[in-house]
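Please read the structure below before turning to the comments.
Protein chains: 2
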Amino acid sequence: MTERRRKFYAWGFEDQSATPEEMKPVLDTWHRTFAVDSFDVTAAPTLDTIDMPESKITRFPEAIKDICRTDRYERALHSYGRSFLDSAKMFRGDFRNAPDVVAYPRNEEDVRALIDWAGDIGAAVIPFGGGSSVVGGVNPEINGTYAGVVTIDMWYLNKILEFDPVSRSARVQAGVYGPDLETQLKTHNVTLRHYPQSFELSTLGGWIATRAAGHYATHGTYIDDYVENIRMVSPSGISESRRLPASGAGPSPDRYVMGTEGSVGIITEAWIRVLSRIKYKASKTVTFAEYDQGVEAVRAISQSGLYPANCRLIDALEAKLTGAFDGSRPILVLGYESSHYPVNQLMDLTVDLCREFGGTPVDEKEQGRNSVAGQWRNAFIRGPYYREHMTSRGICRETFETAVCWNNFKELHSSVIETVNAAIKRVTGRAGTVTCRFTHVYPNGPAPYFTFHCLPDRERMGEQCMEIKIAAYDAVMKAGGTITHHHAVGRLHMPWYEKQRPAPIGAAFTAAKKSLDPRSIMNPGVIISEQRGSA
Amino acid sequence: MTERRRKFYAWGFEDQSATPEEMKPVLDTWHRTFAVDSFDVTAAPTLDTIDMPESKITRFPEAIKDICRTDRYERALHSYGRSFLDSAKMFRGDFRNAPDVVAYPRNEEDVRALIDWAGDIGAAVIPFGGGSSVVGGVNPEINGTYAGVVTIDMWYLNKILEFDPVSRSARVQAGVYGPDLETQLKTHNVTLRHYPQSFELSTLGGWIATRAAGHYATHGTYIDDYVENIRMVSPSGISESRRLPASGAGPSPDRYVMGTEGSVGIITEAWIRVLSRIKYKASKTVTFAEYDQGVEAVRAISQSGLYPANCRLIDALEAKLTGAFDGSRPILVLGYESSHYPVNQLMDLTVDLCREFGGTPVDEKEQGRNSVAGQWRNAFIRGPYYREHMTSRGICRETFETAVCWNNFKELHSSVIETVNAAIKRVTGRAGTVTCRFTHVYPNGPAPYFTFHCLPDRERMGEQCMEIKIAAYDAVMKAGGTITHHHAVGRLHMPWYEKQRPAPIGAAFTAAKKSLDPRSIMNPGVIISEQRGSA
């Protein structure tokens with residue numbers, strides 16, 4: 001149905017893959033990391049070999065039958081997100097949770113018709129943007145009593161409908177992918193500059209529903225801050241908030257919808273605030289002898305009133321594994337950008353601040369893609385494409401992220417690193433790696449992002465990975481962190497999310513969901529645990 | 001009960017008043033404005049002459065009887081907020097809506113006991129901070145069937161309970177007043193710098209419950225952005241969110257509570273993010289020949305990536321009426337501040353930008369309090385103290401504010417000015433004044449704040465003022481503005497708020513309220529229209 005087909009079992013489109021030249025250094029790193037000469041390579045799953053039950057839904061009303069698909073490719077493509085846990089199951093050929101139907105609405109009226117129909121037949125609805133979830137947000141793993149699962153893929157709702165040059169805002173359909181959105185914005189000489197790692201395969205609606213965090217390390221870190229209004233189709237009707245730069249009229253309707261992750265409706269459009277294109281940039285990399293010096297420097301920067309667009313402290317091992325630096329020291333990648341004025345002086349102030357904490361600017365001959373920052377950026381953007389090559393080799397690479405106040409950071413950091421290293425050893429029987437970087441920083445605390453690598457048993461990769469993640473999540477929560485800063489809750493984080501959420505507010509959100517989704521059909525099990533027949 | 005007594009019928013404490021010297025120029029302005037030589041002065045209301053029914057609640061459980069007051073002073077003090085509408089009724093001696101009981105909890109346990117007791121006897125509860133509401137947020141004007149009204153004054157919950165110098169945050173009780181909070185923060189060498197006009201007589205809990213906007217014209221305009229967590233006593237139990245710098249775990253529990261205005265519970269504590277004390281400041285005033293030039297300059301500034309702490313465009317007439325400038329031109333008051341680095345260059349960039357739109361910096365001999373900005377600031381801070389002197393002279397001075405995207409601003413501005421001038425003429429039979437300033441500016445639109453003066457019939461001051469406000473609110477909404485940027489909803493704005501709020505979200509918020517406040521006792525009629533017995 002989609003002109004250019006997405007890979008059903010991995011990141012990217014069928015015409016995209018990491019090249020052998022590109023994979024060479026990556027493979028070398030893996031060999032070094034695990035001290036092995038080679039890996040057995042499992043073949044990728046194929047549509048005719050995967051285990052997928054027949055669709056439970058076979059009859060469709062006239063109005064929607066042309067936009068509903070039940071073929072194996074579409075159902076397989078919409079069976080999982082893109083975490084390692086998903087990848088492990090896909091390489092095992094386990095597609096038993098495939099949705100029964102994949103629908104491609106061509107307009108809002110189709111979305112409405114699909115939701116009404118699903119409600120009438122008692123089917124669950126899973127909203128699907130780019131399918132890049134790493135928390136099971138789009139996985140049809142549902143406990144309630146439903147007639148089946150209808151996944152609604154917003155692929156065709158991908159246009160900018162209106163542009164307002166005076167307020168510098170755009171009215172955009174929710175299904176637009178990152179690159180397509182930027183291409184369309186470029187014709188108006190503006191940009192959103194919202195670059196989550198999933199940028200290439202995630203959508204505006206997905207960003208808003210899951211409160212994605214993007215490009216900016218400080219100020220306006222979340223998509224939330226760029227949303228002027230939201231239009232959403234709920235089972236209880238269409239909700240459209242007033243388009244405004246700000247409002248103090250009661251709790252923000254948009255702030256309530258943002259984070260519901262499809263559990264109360266499907267976002268079809270939003271007005272978003274965009275930016276003039278960037279004219280001035282400055283980028284610097286600073287190294288520190290000790291990790292704690294880097295942490296203190298970043299804390300000072302975060303509380304200085306300087307607001308760098310990039311402020312990414314990467315520990316020594318992660319810098320090495322990503323090929324950004326030699327592994328002898330942690331690096332701090334700094335960046336400023338402006339559409340209006342030169343930012344060199346702000347950069348100088350920031351580097352001076354780093355010096356106070358023992359920071360040393362890297363004297364860079366290489367610029368752009370080959371600079372330290374550039375190297376790291378390439379690894380960051382290409383990372384998702386390597387997943388399939390790791391899974392096929394039995395290498396587990398997973399991440400988790402949080403945010404925590406500065407006073408708790410050091411304890412969180414050390415206990416998480418220790419806990420995860422121990423868990424890897426205990427669970428897989430051999431050492432792995434755990435690394436940390438800051439994705440975003442606030443005056444009162446950082447958002448640390450952890451990555452771990454290990455070699456689990458080939459037959460139990462997913463199970464062992466999950467065992468390690470459970471230990472990690474418990475450690476994060478115990479040290480005062482949030483279960484997620486920007487990966488969202490999905491199905492994976494629900495047990496910890498429900499512990500974190502104040503019980504009276506949880507009950508209030510459950511009541512709110514029942515009002516918007518009386519038949520409990522919207523993304524069951526996400527944000528609200530209660531499901532049809534389960535209560 | 002309070003050591004230092006607040007005036008029951010006007011702004012401030014009993015030991016505070018505008019001095020005759022201070023009033024002289026103000027009175028002169030009023031005489032000039034309305035071309036009269038003198039005003040008849042109505043005497044202020046006195047406790048023994050006001051019309052106040054007996055309290056309907058006379059029996060109290062042992063646990064709370066010592067903190068419950070039913071004397072005329074306390075009931076009168078808690079009968080109204082501080083708008084002109086309130087003032088007009090107070091000067092008329094109308095205290096028929098006085099609360100039956102005023103309770104002064106000494107700790108959270110008292111708050112809990114009071115809410116439980118009110119629920120048991122079926123009384124309405126009105127949370128009371130500084131009582132500075134200008135939208136009827138604390139007025140016991142209730143339609144439901146209640147056994148009476150219990151106002152809970154948070155006066156004694158006024159301490160900083162914890163200070164975290166590493167995250168630079170403080171755990172603060174909700175009842176602390178602005179000046180007291182800053183005094184306590186100063187001992188830790190930090191500041192919040194949240195300065196709404198109500199600063200002297202409003203509380204942290206009130207700011208959070210109503211989403212107050214403060215000092216900063218850009219970036220972090222709302223108190224919302226400084227809140228790390230909220231602890232709230234609801235009829236359904238105590239809710240405390242996890243203290244975090246940021247979180248993407250579902251809809252923010254705090255963003256839901258902020259804006260509920262006491263309708264789901266009483267905020268007792270919050271962790272707030274504070275700032276290092278300001279070391280560097282720059283302030284400039286720029287004038288423009290035409291108002292539209294000033295508007296375009298501010299729009300350019302708002303979209304430039306420069307984020308001035310102050311960016312207040314004041315139209316020519318308002319500048320004159322406040323004694324800030326001669327009335328020949330609109331003025332733009334600009335300010336930058338930093339705890340860390342000199343801000344002169346940012347100011348220079350901003351002034352240069354103003355020049356591109358015909359702006360001329362005022363060459364100021366006078367500095368500080370006597371500068372143009374200083375003059376305006378004095379009038380701003382002292383304004384509330386003049387209210388009683390205006391009401392006693394039959395002068396109506398009221399304000400309303402909004403936020404709107406830039407593309408709609410000019411139409412909103414002209415239609416509101418025109419509508420209100422016409423309404424004043426029609427309703428009062430003579431011309432008045434309507435002026436506008438920007439309190440806050442965003443890249444996608446400003447927050448215009450309107451002030452009008454008129455001379456209504458002495459006998460129908462409140463009614464005529466309301467007639468004019470209704471015309472104003474309709475014009476604001478028609479032109480795409482919000483019913484409030486930072487004055488909150490209260491009881492006054494409810495009809496427009498309910499029009500503005502998407503119906504499905506309104507139903508969801510109503511369901512959420514029922515979950516937190518099953519007996520509908522919390523601030524009935526605010527945010528949620530449904531009341532006990534009314535549905």
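Top to bottom, those sequences are chains A and B. When we follow full-length UniProt numbering, the leftmost residue of the first sequence carries the number 1, and every step to the right adds one. When we follow full-length UniProt numbering, the leftmost residue of the second sequence carries the number 1, and every step to the right adds one. The beta carbon of each residue, even a glycine, is placed where N, CA and C say it ideally should be. In this text, all values refer to a predicted model and were calculated from it rather than measured experimentally.
Report, in whole angstroms, the separation of the C-beta atoms of residue i and residue j, which I expect to be a contact under 8 angstroms.
i	j	result
A/I57	A/V101	5 angstroms
A/Y449	A/C436	7 angstroms
B/P53	B/R96	6 angstroms
B/L492	B/G136	4 angstroms
B/I272	B/E228	6 angstroms
B/G394	B/L455	6 angstroms
A/G248	B/H486	5 angstroms
B/P235	B/L516	7 angstroms
A/L114	A/I50	Between A/I50 and A/L114 the Cβ distance is about 26 angstroms, and since that is not below 8 angstroms, they are no contact.
Please state whether DSSP places residue i in a helix, a strand or coil.
i	result
B/Y336	strand
B/T2	Here the model assigns B/T2 a pLDDT of 49, short of 50, so the residue's position is not dependable, and the following value carries that caveat. If DSSP states are grouped into helix, strand and coil, B/T2 belongs with coil.
A/T391	helix
B/C396	strand
B/R437	strand
B/H194	coil
A/P502	coil
B/H413	helix
residue 622 of chain B	The structure shown does not extend to residue 622 of chain B, since chain B spans only 1 to 535, so no value can be given for it.
A/E459	helix
B/D352	helix
B/K159	coil
B/Y226	helix
A/T33	helix
B/E54	coil
A/E530	coil
A/K279	coil
A/V286	strand
Can you name the residues of chain B whose CB is closer than 7 angstroms to the CB of residue i?
i	result
A/Q303	R168, S276
A/A511	A511, A512, K514, S515
A/A508	A512, S515, L516
On the DSSP bridge assignment, give the partners of residue i in chain order.
i	result
B/Q173	B/E269
A/P448	A/F438
A/G237	A/S234
B/L47	Per DSSP, none; premise fails for B/L47.
A/S515	Partner(s): none; A/S515 has no beta bridge.
B/C311	B/L334
Can you pull the chain B neighbours of residue i, defined as C-beta to C-beta under 8 angstroms?
i	result
A/E228	C405, N444
A/E240	P502
For residue i, does the count of other Cβ atoms within 10 angstroms reach 16, so buried, or fall short, so exposed?
i	result
A/D457	exposed
B/T2	Unreliable positioning characterises B/T2 in this predicted model, as indicated by a pLDDT of 49, which lies under 50. The coordinate reading is nonetheless provided below. B/T2 should be labelled exposed.
A/H31	exposed
A/D164	buried
B/L346	buried
A/K469	buried
B/L161	exposed
A/G259	buried
A/G429	exposed
Just to make sure I have the definition right: I need the residues of chain A whose C-beta is within less than 8 angstroms of the C-beta of residue i. Which are they?
i	result
B/A113	Simply none; closest approach about 18 angstroms.
In chain A, which residues lie less than 7 angstroms from residue i when you measure between Cβ atoms?
i	result
B/R273	P443, N444
B/Q293	Ordered by position in chain A, no residue passes the 7 angstroms Cβ test against B/Q293, which lies about 16 angstroms from the chain.
Would you say the beta carbon of residue i comes nearer than 7 angstroms to a heavy atom of the ligand FMN?
i	result
B/Y386	Here there are no bound small molecules, and the ligand FMN is not part of this structure.
Whose Cβ in chain A lies nearer than 9 angstroms to the Cβ of residue i?
i	result
residue 536 of chain B	Missing from the structure shown is residue 536 of chain B; chain B here goes from 1 to 535 and no further.
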